[in-house]
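Enquirer: Here it is, the structure, as structure tokens.
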Amino acid sequence: DTEVTQTPKHLVMGMTNKKSLKCEQHMGHRAMYWYKQKAKKPPELMFVYSYEKLSINESVPSRFSPECPNSSLLNLHLHALQPEDSALYLCASSQPASGRSTEAFFGQGTRLTVV
Amino acid sequence: LAKTTQPISMDSYEGQEVNITCSHNNIATNDYITWYQQFPSQGPRFIIQGYKTKVTNEVASLFIPADRKSSTLSLPRVSLSDTAVYYCLVGDGTGGFKTIFGAGTRLFVKA
């Protein structure tokens with residue numbers, strides 16, 4: 077199994093809603109990532125978890141709250157988002173800190189629209 | 115982190131070989147060079163990775179000169195389905211692996 081599965085595929089939420097994005101992988105990877113991608117722009121790194129611990133937070137606003145319940149799951153909790161937060165949210169996983177491999181496996185993304 | 119520079123876009127025709135060059139002048143000794151492909155509304159997909167000289171797999175080749183300050187992704191005999199954005203990244207996978215994408219190259223393959 078070389079898949080990273082993200083749910084839901086599409087999400088529309090109001091600015092006062094609370095929602096969560098979910099990501100799952102069963103490749104035994106111990107590093108997991110959240111990226112945000114706006115149209116015609118490259119993915120922007122948001123968070124990195126290594127061995128279930130948050131290792132990188134790229135100064136992301138607190139309305140985005142990541143969680144890594146176990147080595148296979150990664151969540152992104154959303155609260156009080158703004159319309160400009162509408163984007164494709166990508167989850168990825170890889171082997172961490174191998175000193176060699178930077179091959180990350182990406183999910184298909186969640187298309188988020190904030191209204 | 116080493117910054118990468120790529121052409122914004124390239125055009126090609128079906129059946130041609132396409133070479134996309136990436137500049138990474140401040141690449142570190144431990145950094146590897148990795149290329150990803152991304153189609154619209156999909157996650158990036160790993161294509162190839164290398165450290166020096168030449169690497170080849172079933173879909174592409176990666177050429178890295180001795181000074182490692184640049185690299186060239188070569189796609190043999192492209193087809194319409196190779197129309198996508200191609201990203202060059204450098205990193206060594208340490209420190210929790212901070213993968214930063216550059217602007218990428220939009221490749222348009224025409225019939």
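Each protein sequence line maps, in turn, to chains F and B. First residue of the first sequence? That's 77 in the working numbering, and the numbers climb one at a time after it. First residue of the second sequence? That's 115 in the working numbering, and the numbers climb one at a time after it. Note that beta-carbon positions come from the ideal geometry of N, C-alpha and C, so glycine has one too. All of these numbers come straight from a predicted model, not from anything done at the bench.
#1: Please report whether the beta-carbon of residue 128 (chain B) lies at a distance below 9 angstroms from any beta-carbon of chain F.
#2: Quick check: is the beta carbon of residue 140 (chain F) nearer than 9 angstroms to any beta carbon in chain B?
#3: Report the option in F:168, F:167, F:189, F:163 whose CA atom is closest to the CA atom of residue 117 (chain F).
#4: Just the C-alpha distance for residue 70 (chain B) and residue 117 (chain B), rounded to the nearest angstrom, thanks.
#5: Ignoring anything shorter than 3 residues, give me the beta strand (DSSP E) runs that lie fully in the region 136-187 of chain B, in order along the chain.
#6: Any beta carbon from chain F within less than 9 angstroms of residue 159 (chain B)'s own beta carbon?
#7: Within a Cβ cutoff of 6 angstroms, which residues of the same chain sit near residue 155 (chain F), ignoring the five residues on either side of it in sequence?
#8: By how many angstroms is the C-alpha of residue 158 (chain B) removed from the C-alpha of residue 127 (chain B)?
#9: For chain B, is any of its Cβ atoms less than 9 angstroms away from the one on residue 101 (chain F)?
#10: Between residue 188 (chain F) and chain B, is the shortest Cβ-Cβ distance under 9 angstroms, so that the two count as touching?
#11: I'd like to know whether the C-beta of residue 183 (chain F) is nearer than 9 angstroms to at least one C-beta of chain B.
#12: Looking at residue 110 (chain F) and residue 149 (chain F), is the spacing between their C-beta atoms short of 9 angstroms?
#13: Let me see if you follow: with CB-CB separation under 9 angstroms, is residue 195 (chain B) close to chain F or not?
#14: Counting beta carbon pairs with one atom in the region 128-136 of chain F and one in the region 80-87 of chain F, are three or more of them shorter than 8 angstroms?
#15: Are any of the Cβ atoms in chain B nearer than 9 angstroms to that of residue 118 (chain F)?
#16: Considering only C-alpha positions, which residue in the set B:166, B:131, B:154, B:129 is nearest to residue 147 (chain B)?
#17: So residue 166 (chain F) contacts chain B; which residues on that side make the cut at Cβ distance below 7 angstroms?
#18: In chain order, which alpha helix (DSSP H) runs of at least 4 residues are fully inside the region 79-167 of chain F?
#19: Which word fits residue 104 (chain F), buried or exposed, when buried means at least 16 other C-beta atoms lie within 10 angstroms of its C-beta?
#20: Taking the beta strand (DSSP E) that residue 191 (chain B) belongs to, which residues open and close that run?
#21: What distance in whole Å lies between the Cβ atoms of residue 225 (chain B) and residue 122 (chain B), which are believed to be in contact at a cut-off of 8 angstroms?
Expert: Here's the rundown:
#1: Within the second sequence, the letter at position 14 stands for residue 128 (chain B). By this cut-off, residue 128 (chain B) is not an interface position.
#2: Taking the first residue of the first sequence as position 1, residue 140 (chain F) is located at position 64. So, not an interface residue.
#3: The residue given as residue 117 (chain F) occupies position 41 in the first sequence. Among F:168, F:167, F:189, F:163, the Cα nearest to that of residue 117 (chain F) belongs to F:163.
#4: Within the shown structure, residues of chain B are numbered from 115 to 225, placing residue 70 (chain B) beyond reach of any answer.
#5: Counting only unbroken stretches of 3 or more residues, the beta strand (DSSP E) elements lying wholly within the region 136-187 of chain B are 146-152, 159-164, 167-170, 175-178, in sequence order.
#6: Sequence index remark: in the second sequence, residue 159 (chain B) carries index 45 (1-based). Yes, residue 159 (chain B) counts as interfacial toward chain F.
#7: Taking the first sequence and counting its residues from 1, one reaches residue 155 (chain F) at position 79. Excluding positions up to five away in sequence, the list reads 94, 139.
#8: The sequence position of residue 127 (chain B) within the second sequence is 13, counting from 1. The sequence position of residue 158 (chain B) within the second sequence is 44, counting from 1. Straight through space, the alpha carbons of residue 158 (chain B) and residue 127 (chain B) are spaced by roughly 23 angstroms.
#9: In the first sequence, counting from the first residue as 1, residue 101 (chain F) sits at position 25. For residue 101 (chain F), the answer is no, since every Cβ of chain B falls outside 9 angstroms of its Cβ.
#10: Locating residue 188 (chain F) in the first sequence gives position 112, counting from the first residue. With 9 angstroms as the cut-off, residue 188 (chain F) does not count as an interface residue toward chain B.
#11: Taking the first residue of the first sequence as position 1, residue 183 (chain F) is located at position 107. With 9 angstroms as the cut-off, residue 183 (chain F) counts as an interface residue toward chain B.
#12: Numbered from its first residue, the first sequence carries residue 149 (chain F) at position 73. Numbered from its first residue, the first sequence carries residue 110 (chain F) at position 34. Going by C-beta atoms, residue 149 (chain F) is not nearer than 9 angstroms to residue 110 (chain F).
#13: In the second sequence, counting from the first residue as 1, residue 195 (chain B) sits at position 81. No, residue 195 (chain B) lies away from the interface with chain F (no Cβ there is under 9 angstroms from its Cβ).
#14: Contact between the region 80-87 of chain F and the region 128-136 of chain F is absent, because fewer than three Cβ pairs lie under 8 angstroms.
#15: Counting from 1 along the first sequence, the entry for residue 118 (chain F) is found at position 42. Contact of residue 118 (chain F) with chain B is assigned, a C-beta pair being separated by under 9 angstroms.
#16: In the second sequence, counting from the first residue as 1, residue 147 (chain B) sits at position 33. Of B:166, B:131, B:154, B:129, the residue nearest in Cα terms is B:166.
#17: Working through the first sequence from its first residue, we reach residue 166 (chain F) at position 90. Under a criterion of Cβ atoms nearer than 7 angstroms, the residues of chain B adjacent to residue 166 (chain F) are, in order, 157.
#18: Entirely contained in the region 79-167 of chain F, not one alpha helix (DSSP H) run reaches 4 residues.
#19: On the first sequence, position 28 is the one that residue 104 (chain F) refers to. With fewer than 16 neighbouring CB atoms inside 10 Å of its own CB, residue 104 (chain F) falls in the exposed class.
#20: Numbered from its first residue, the second sequence carries residue 191 (chain B) at position 77. That residue, residue 191 (chain B), is in no beta strand (DSSP E); it is neither H nor E in DSSP.
#21: Walking along the second sequence from the start, residue 122 (chain B) turns up at place 8. Walking along the second sequence from the start, residue 225 (chain B) turns up at place 111. Not quite, the Cβ-Cβ distance comes to about 22 angstroms (not below 8 angstroms), so this is no contact.
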